[in-house]
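Quick notes on the structure that follows.
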Amino acid sequence: MAAANARDYYEVLGVGRTADEKEIKRAFRRLARKYHPDANPGNAEAEKKFKEISEAYGVLSDAEKRAEYDRVGRAGGFPGGPGAPGGFQWQTAYGPGYGFQDFEGFEDMLGNLLGRTGAAQRRPHGRDLTVEVDLTLNDVYTGVTRQVTVPVAQVCARCRGAGAISGGAVCLACGGQGQTRHSKRLEVKIPPGVQTGAKIRLAGQGEAGPSGRRGDLYLIPRVLPHDFFTRRGDDLLCEIPVTFSEAALGAEIEVPTLNGKVKTKLPAGTSSGRQLRLSGKGMPRVRGGGHGDLYARIYIVAPKDLTPEERRLIERLGELRRADPRATLR
Numbered sequence: 435m436a437a438a439n440a441r442d443y444y445e446v447l448g449v450g451r452t453a454d455e456k457e458i459k460r461a462f463r464r465l466a467r468k469y470h471p472d473a474n475p476g477n478a479e480a481e482k483k484f485k486e487i488s489e490a491y492g493v494l495s496d497a498e499k500r501a502e503y504d505r506v507g508r509a510g511g512f513p514g515g516p517g518a519p520g521g522f523q524w525q526t527a528y529g530p531g532y533g534f535q536d537f538e539g540f541e542d543m544l545g546n547l548l549g550r551t552g553a554a555q556r557r558p559h560g561r562d563l564t565v566e567v568d569l570t571l572n573d574v575y576t577g578v579t580r581q582v583t584v585p586v587a588q589v590c591a592r593c594r595g596a597g598a599i600s601g602g603a604v605c606l607a608c609g610g611q612g613q614t615r616h617s618k619r620l621e622v623k624i625p626p627g628v629q630t631g632a633k634i635r636l637a638g639q640g641e642a643g644p645s646g647r648r649g650d651l652y653l654i655p656r657v658l659p660h661d662f663f664t665r666r667g668d669d670l671l672c673e674i675p676v677t678f679s680e681a682a683l684g685a686e687i688e689v690p691t692l693n694g695k696v697k698t699k700l701p702a703g704t705s706s707g708r709q710l711r712l713s714g715k716g717m718p719r720v721r722g723g724g725h726g727d728l729y730a731r732i733y734i735v736a737p738k739d740l741t742p743e744e745r746r747l748i749e750r751l752g753e754l755r756r757a758d759p760r761a762t763l764r
């Protein structure tokens, strides 16, 4: 029989007796994050509180157990309540404050609610590592395989054997003196279309934790500026010079792309600043497939070294066509 002062399970979770499944789960998640032993190392009161809310959730989240609990009353008379035969029993196989023997699957359920797996609770992984990778726009256009150097912390054997380590990285007994650092090389594939600041996760390539379980490695691409193209999302921008006669009469011109030059039509009467859109000639899309577009901005190049004959012809054109392009300006 449980102690007379055993708290009501609804009171433990801070919910009313009519609370639905979502309310109960939400209350448990909030309290579990607050009192979980991982967040309160060495805090016996938090461990006790975590045990209490876990017991309450184990009953109230199960429809049959909750119905029986509501029928019997407070935890003191509940068959599955604290201290009752066949009820919840704590174990210390992998440290105090973790899991139930009789509530099968509770560890994984709790891990899911807290955003972790049961294994991650029992065996903390090592530190995640981050490495920046410089890439050219051409690298990103095609995708590329690169070798990256990853710093690795290694703990001396004496301190590892004594258990005087934290996170598998620092020799506390040596005051850091027993720690050596080395690096490892990895060959990684950078997918086409990545952008500066994106994260590429390589699971299990980080530092090893106390149990040998490794953290992850995150590659952070940094795409270097291109001398001709400017990137805007999945699109590319560039500027294309044309002559006065090409702009006035129209022409077929070549436009550079990251996959070679392509020919496109320049309409007659094109003014400086007009953009030509080359569909599908931009960057590869990371999601959804296909490519963005290429926008070529046209600007007219005026000749600086006119011959006397060229000057006379242009002057004659000016006499024949006296339209004032500034007439509408106010």
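Read left to right, the sequence shown gives residues 435 to 764 (the numbering used here).
Ideal Cβ placement from N, Cα and C applies to all residues, glycine included.
Could you tell me which whole alpha helix (DSSP H) segments of length 4 or greater appear in the stretch 721 to 762? Entirely contained in the stretch 721 to 762, the alpha helix (DSSP H) runs reaching 4 residues are, in chain order, 742 to 754.
Can you tell me whether Arg666 is helix, strand or coil according to DSSP? For the purposes of this step, residue 666 is taken as the residue at position 232 of the sequence shown. Here Arg666 sits in strand by DSSP.
Along the alpha helix (DSSP H) that carries Ala632, what are the first and last residues, could you check? For the purposes of this step, residue 632 is taken as the residue at position 198 of the sequence shown. For Ala632, there is no enclosing alpha helix (DSSP H), as DSSP gives it neither H nor E.
Classify Arg648 as helix, strand or coil using the three-state DSSP reduction. The count along the sequence shown starts at 1 and reaches residue 648 at position 214. In this structure, Arg648 counts as strand in the three-state DSSP scheme.
Whole angstroms are fine: how far does the CA of Arg745 sit from the CA of Ala757? Sequence index remark: in the sequence shown, residue 757 carries index 323 (1-based). Sequence index remark: in the sequence shown, residue 745 carries index 311 (1-based). Distance between the alpha carbons of Ala757 and Arg745 is about 19 angstroms.
Using C-beta distances below 8 angstroms, list every residue in its chain close to Arg451, excluding the 5 sequence neighbours before and after it, in chain order. Locating residue 451 in the sequence shown gives position 17, where the first residue counts as 1. Around Arg451: Tyr444, Asp504.
Determine the closest residue to Val720 out of Tyr652, Arg561, Gly577, with distance taken between C-alpha atoms. Position 286 of the sequence shown, counted from the first residue, corresponds to residue 720. Of the candidates Tyr652, Arg561, Gly577, the one whose C-alpha sits nearest the C-alpha of Val720 is Gly577.
Pro673 (DSSP reduced to helix, strand or coil): In the sequence shown, residue 673 corresponds to position 239, counting from 1. Note on identity: in this sequence residue 673 is Glu, with Pro being the wrong assignment. Note: Glu673 maps to strand in three-state DSSP.
Any idea what DSSP makes of Tyr443, helix, strand or coil? Translated into the one-based positions of the sequence shown, residue 443 becomes position 9. Helix at Tyr443.
Going by DSSP, name the residue or residues bridged to Gln581. Here the question's residue 581 lines up with position 147 in the sequence shown. According to DSSP, Gln581 bridges with Glu621.
Would you list the residues sitting across from Glu449 in a DSSP beta bridge? To locate residue 449, count along the sequence shown from 1; it is residue 15. Residue identity check: residue 449 is Val in the sequence provided, not Glu. According to DSSP, which records beta bridges pairwise, Val449 is partnered with nothing at all.
In angstroms with no decimal places, state the Cα-to-Cα distance between Lys623 and Pro585. Numbered from 1 along the sequence shown, position 189 holds the residue referred to as residue 623. Numbered from 1 along the sequence shown, position 151 holds the residue referred to as residue 585. Distance between the alpha carbons of Lys623 and Pro585 is about 19 angstroms.
Sort His725, Pro471, Leu700 by Cα distance to Pro558 and report the nearest one. Start at 1 with the first residue of the sequence shown, and residue 558 comes out as number 124. Measuring from the Cα of Pro558, the nearest candidate turns out to be Pro471.
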